[in-house]
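**Q**
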């Protein structure tokens, strides 16, 4: 296996050390790792981080453009190869299949679950590995579960080690199957192990399947139209039945009008107050080197209704550009990080990663992106830094693995305080002034007493907001927003 190649040395001079969005110079060479596996063509599909901060990348590799074989490769937290994993850091499956190991997870015991469909087959393969890279012989058939008629297009792992698989039964119907952590189908889920829902109209595509903190199951889909895109969201209860209390009988749809239009993207995440945010782009390549895309954010309340306090009736349209968003991450302080590509509508693209405030306005203190490689996905590491993966471009030779790590401060201290929020007078006879010395976005608040009883709610939408607790009894109260909390003392 070749050593890690070093590149982008000149890039270091263009960024500020330690600034949010800048490359983490402690990782790889100037924040970047390029890895070639056995002089082969190495395609990346996914990446995860273990509890010990080691990084595993999954994908498929081929030598001499022949058969592809799924692989796992593990890196140390600093980007060097972990030679204790598999054979010199690499686990290579003997079962060839171009699309294998598209999905990658860890369970609570740090076992590795890697899965994907086989090339030109309706068979779906789930493999379970131990921490050292050997197959877990206690899972399914010596560590491998082969599912016939498994033309699945989505997967997610649940907290108990069981997993959900998504497929299309026909053009407008999805099926979600629940498999237990031993690989057997859970017949108590939905109807005989299947949750099923249809969507009226023409065929649509699946994008993601994901669960929230309450184990509700969300399906995110899209349907491209002549002059726009439908963004489709369905919610199922944990038992596999469509949650008819969500949206309109379990489904909510947003039509984004845009012309020209031939492609769309979408990605889903949750806020810490159970709201649902979707980010993506829709548009088209008008001509060579002429991308025109409409990036967007959608935010829904927990019942599926559009959040009227976000943008225009739950929708924020970002400036039209060539930026195609494919990944959304919501930080603990509710800022929105999106990853994607600035397309050139020819053969290449420029990787971009951008951070936004909770209300959808860009956070210009974050300076990420600007690197030339084929971007696949990103995730937030345990320390808050952002790791992105992808490939070198094919026209520069056989593809190699690329990893980049960006500095990112998740603001573990209250953002409310960090942004110089002033509450005065405090103590007060009942009238409190909340003054925010930063860009003002709509932000809901509630005030509770020491027992947790809500005594007031409202919205901070100006640099200065007055709170009136004159009718409340003397004592201690707590002001809570989506980002922080403050103690109020009424005389």
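Residue numbers (mature numbering (1 follows the signal peptide of the UniProt record, and there is no 0)): -18 to -1, 1 to 473. Idealized CB from N, CA, C, for every residue including glycine.
#1: If you draw a straight line from the C-alpha of residue 456 to the C-alpha of residue 446, how long is it?
#2: Restricting to Cα atoms, I'd like to know which of 2, 7, 4, 13 is closest to residue 384.
#3: Compare the C-alpha of residue 211 against each of 234, 197, 223, 265 and name the closest.
#4: Please report how far the alpha carbon of residue 43 lies from the alpha carbon of residue 388, in whole angstroms.
#5: Do you know whose CA, among 328, 231, 322, lies nearest residue 337's CA?
#6: With a 10 Å radius around its C-beta and 16 neighbouring C-beta atoms as the bar for buried, classify residue 71 as buried or exposed.
#7: Applying the criterion that 16 or more other CB atoms from any shown protein chain within 10 Å of the CB defines a buried residue, is residue 34 buried or exposed?
#8: Count the other CB atoms, across all protein chains shown, that sit within 10 Å of the CB of residue 29; report buried if there are 16 or more and exposed otherwise.
#9: From the DSSP secondary-structure annotation, give me the bridge partner or partners of residue 85.
#10: Please determine, among 186, 225, 257, the residue with the shortest C-alpha to C-alpha distance to residue 151.
#11: Is the segment 236 to 248 touching the segment 276 to 294 in the sense that three or more CB pairs, one from each, lie closer than 8 Å?
#12: Taking C-beta to C-beta, are residue 24 and residue 382 nearer than 7 Å?
#13: Alpha carbon to alpha carbon, what distance is there between residue 68 and residue 282?
#14: Starting from the N-terminal side, write out each stretch of the beta strand (DSSP E) that is 3 residues or longer and does not extend beyond the segment 227 to 254.
#15: Give me the residue from 279, 311, 314 with the minimum Cα distance to residue 474.
#16: From residue 453 to residue 431, what does the alpha carbon distance come to, in whole angstroms?
#17: So within the segment 17 to 80, which uninterrupted beta strand (DSSP E) runs reach at least 3 residues, ignoring any that extend past its ends?
#18: If you drop the 5 nearest sequence neighbours on each side, which residues of the same chain put their C-beta closer than 7 Å to that of residue 440?
#19: Quick check on residue 179: does DSSP put it in helix, strand or coil?
#20: Compute the Euclidean distance between the alpha carbons of residue 369 and residue 363, then round it to the nearest angstrom.
#21: Suppose you measure from the CA of residue 412 to the CA of residue 254; what does that come to, to the nearest Å?
#22: Do the CB positions of residue 324 and residue 311 come within less than 7 Å of each other?
#23: Taking all protein chains shown into account, decide if residue 473 is buried (16 or more other Cβ within 10 angstroms of its Cβ) or exposed.
#24: Between the segment 166 to 174 and the segment 220 to 227, do at least 3 Cβ pairs fall closer than 8 Å?
#25: Where do the ends of the beta strand (DSSP E) carrying residue 370 lie?
#26: Let me check understanding here. Comparing Cα to Cα, which of 74, 147, 146, 134 lies closest to residue 100?
#27: For the beta strand (DSSP E) holding residue 212, just list the boundary residues, first then last.
#28: Round the Cβ separation of residue 73 and residue 17 to the nearest angstrom and send it over; I've been treating them as touching at under 8 Å.
#29: Quick one: what does DSSP say residue 144 is sitting in, helix, strand or coil?
#30: Can you tell me whether DSSP reads residue 277 as helix, strand or coil?
#31: Starting from residue 428, trace the beta strand (DSSP E) both ways and give me its first and last residue.
#32: Along the chain, where does the beta strand (DSSP E) that runs through residue 334 open and close?
#33: Please report how far the alpha carbon of residue 50 lies from the alpha carbon of residue 76, in whole angstroms.
#34: Could you give the first and the last residue of the continuous beta strand (DSSP E) run that contains residue 446?
#35: On the DSSP bridge list, what partners appear for residue 192?
#36: Which partner residues does residue 288 have in the DSSP bridge list?
**A** Inspection of the coordinates gives the following:
#1: Computed Cα separation, rounded: 24 Å.
#2: Of the listed residues, the one whose Cα sits closest to residue 384 is 13.
#3: Distances from the CA of residue 211 to each of 234, 197, 223, 265 were compared; the closest alpha carbon is that of 265.
#4: Distance between the alpha carbons of residue 43 and residue 388: 26 Å.
#5: Measuring from the Cα of residue 337, the nearest candidate turns out to be 322.
#6: Residue environment analysis places residue 71 among the buried positions, since at least 16 neighbouring C-beta atoms fall within 10 angstroms of its C-beta.
#7: Answer is exposed; the Cβ neighbour count stays below 16.
#8: Of the other Cβ atoms in all chains shown, 16 or more fall within 10 Å of the Cβ of residue 29; this residue is therefore buried.
#9: Beta-bridge pairing links residue 85 to 97.
#10: Ranked by Cα distance from residue 151, the first of 186, 225, 257 is 186.
#11: The segment 276 to 294 is in contact with the segment 236 to 248.
#12: Against a cut-off of 7 Å, the Cβ pair of residue 382 and residue 24 comes out as a contact.
#13: If you take the alpha carbons of residue 282 and residue 68, they lie about 44 Å apart.
#14: Qualifying beta strand (DSSP E) stretches, in chain order: 233 to 239, 249 to 252.
#15: In this structure the chain extends from -18 to 473, so residue 474 is not present and cannot be described.
#16: Straight-line Cα distance between these residues: approximately 13 Å.
#17: Entirely contained in the segment 17 to 80, the beta strand (DSSP E) runs reaching 3 residues are, in chain order, 23 to 31, 37 to 44, 51 to 57, 72 to 74.
#18: Here the set comprises 427.
#19: Strand, per DSSP.
#20: For the pair residue 369 and residue 363, the Cα-to-Cα distance works out to about 7 Å.
#21: The alpha-carbon separation between residue 412 and residue 254 amounts to approximately 29 Å.
#22: No.
#23: In summary, residue 473 is exposed, with fewer than 16 beta-carbon neighbours lying within 10 Å of its beta-carbon over all protein chains present.
#24: Segment contact: the segment 166 to 174 against the segment 220 to 227, three or more CB-CB distances shorter than 8 Å; contact assigned.
#25: 368 to 373 is the span of the beta strand (DSSP E), which, as asked, contains residue 370.
#26: Ranking the options by Cα distance to residue 100, first place goes to 134.
#27: Judged by DSSP secondary structure, residue 212 falls within the beta strand (DSSP E) whose first and last residues are 210 to 218.
#28: No, residue 73 and residue 17 are not in contact; Cβ-Cβ is about 14 Å, not under 8 Å.
#29: Here residue 144 sits in coil by DSSP.
#30: Collapsing the DSSP output to three states places residue 277 in a strand.
#31: Here the beta strand (DSSP E) through residue 428 covers 425 to 430.
#32: Residues 331 to 338.
#33: Taking the CA atoms as reference points, residue 50 sits about 10 Å from residue 76.
#34: Residues 446 to 450.
#35: DSSP output for residue 192 lists 200 as bridge partner(s).
#36: Paired residue(s): 282.
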